[in-house]
Structures are given as structure tokens and as C-alpha cells.
Amino acid sequence: MSGTLLDAGAVIGCPHGGRVTAATTLSGDVTVAGAAVATAAHGYVVTGCPHTVDGVPTPCVSVDWTAADTGITVGGAPVLLDVSAAQCLTAASMPQGPPVVQAAQRTVTVRRAAR
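Under numbering that gives the first Met the number 0, the very last position in the sequence shown is 114; numbers go up by exactly one each time.
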């Protein structure tokens, strides 16, 4: 699997233009170009989502990431790539669509060793 590694400098949005950020400061245990690497252990929130359904605001408020099994971890948690499965959710946990990664730092390629 190949993809772009997500880190504290990644620009991520919800499908409606809201901004996705880590709910807590990313750990600096592993950095890429000085930015902490994002993992599935971190929570992610959405701010500024303007989405409405039938005139009722139903904004994205969080993102549920499912990290791919790349074998790459930070502090025991899988790293996130731009190709990791994810879903933006409302406050009622209703799926709204995948987040949009607009910019990220580095491309990584994971090659599995023969077992």
C-alpha cells in the first residue's frame, strides 16, 4: 500500500468544507520534517462544517479513521495515510462522507516482507 503520511501539518477537510484537526496535540515521538505523525489513536474534530438537511444544520463534528494494516506504528498505534479509510460523522454519529486530504507531507510505500 502506498500513500501520503498524515502529520500535524496536513490540511484535511470534511466533504462540505469544514476543517478537520486533531482533538489533542499530536505526540512528537515521531516527526516528519518537524511535524508530528498522525495515528489512529488520536481523535479528530471538524469545525466550520456548513452542512444542512432540509434546512436543519447537520454539520460534521468528528472523523472516524480506520488505519490500514501497514505494519507501521507510532507508540503502538497505526499511522494514518491519505488513503486510510475514514468517515466524517454528525453529533448523532451519522456518516457524512469521507474527509478530503488537500495537502500532506511525505509519500511512503509499504512493502511486506515474505513470510
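We put the CB at the ideal spot given by N, CA and C, even for glycine. Please read these numbers as outputs of a predicted model, since none were measured by experiment.
Residues that residue i bridges to, as DSSP identifies them
{"i": "Gly-153", "result": "The requested residue 153 does not occur in the structure, where the chain is confined to residues 0 to 114."}
{"i": "Ser-92", "result": "Looking at the DSSP assignment, Ser-92 forms no beta bridge with any residue, so it has no partner."}
{"i": "Ser-61", "result": "Val-44, Leu-88"}
Integer Cβ distance of residue i from residue j, believed to fall under 8 angstroms
{"i": "Thr-89", "j": "Thr-57", "result": "5 angstroms"}
{"i": "Cys-87", "j": "Gly-75", "result": "Between Gly-75 and Cys-87 the Cβ distance is about 26 angstroms, and since that is not below 8 angstroms, they are no contact."}
Simplified DSSP state of residue i, which is helix, strand or coil
{"i": "Thr-69", "result": "coil"}
{"i": "Gly-2", "result": "strand"}
{"i": "Ala-39", "result": "coil"}
{"i": "Thr-30", "result": "strand"}
{"i": "Leu-80", "result": "strand"}
{"i": "Thr-51", "result": "strand"}
Residues near residue i by beta carbon distance below 7 angstroms, same chain, minus five either side
{"i": "Val-44", "result": "Thr-20, Ala-22, Val-60, Ser-61"}
{"i": "Gly-54", "result": "none"}
{"i": "Pro-98", "result": "Ile-11, Gly-12, Cys-13, Val-19, Val-62, Ala-85, Cys-87"}
{"i": "Ala-34", "result": "Asp-6, Ala-7, Gly-8, Gln-104"}
{"i": "Thr-51", "result": "Thr-57"}
{"i": "Ala-39", "result": "Trp-64, Ala-66, Ala-76, Pro-77, Leu-79"}
{"i": "His-15", "result": "Cys-48, Pro-49, His-50, Cys-59"}
Close-in-space but distant-in-sequence residues of the same chain around residue i (CB under 8 angstroms, 5 per side omitted)
{"i": "Thr-46", "result": "Gly-17, Arg-18, Thr-20"}
Same chain, Cβ closer than 6 angstroms to residue i, neighbours up to 5 away in sequence not counted
{"i": "Gly-42", "result": "Ala-22"}
{"i": "Val-36", "result": "Asp-6, Val-29, Val-73, Val-78"}
{"i": "Ile-71", "result": "Val-78"}
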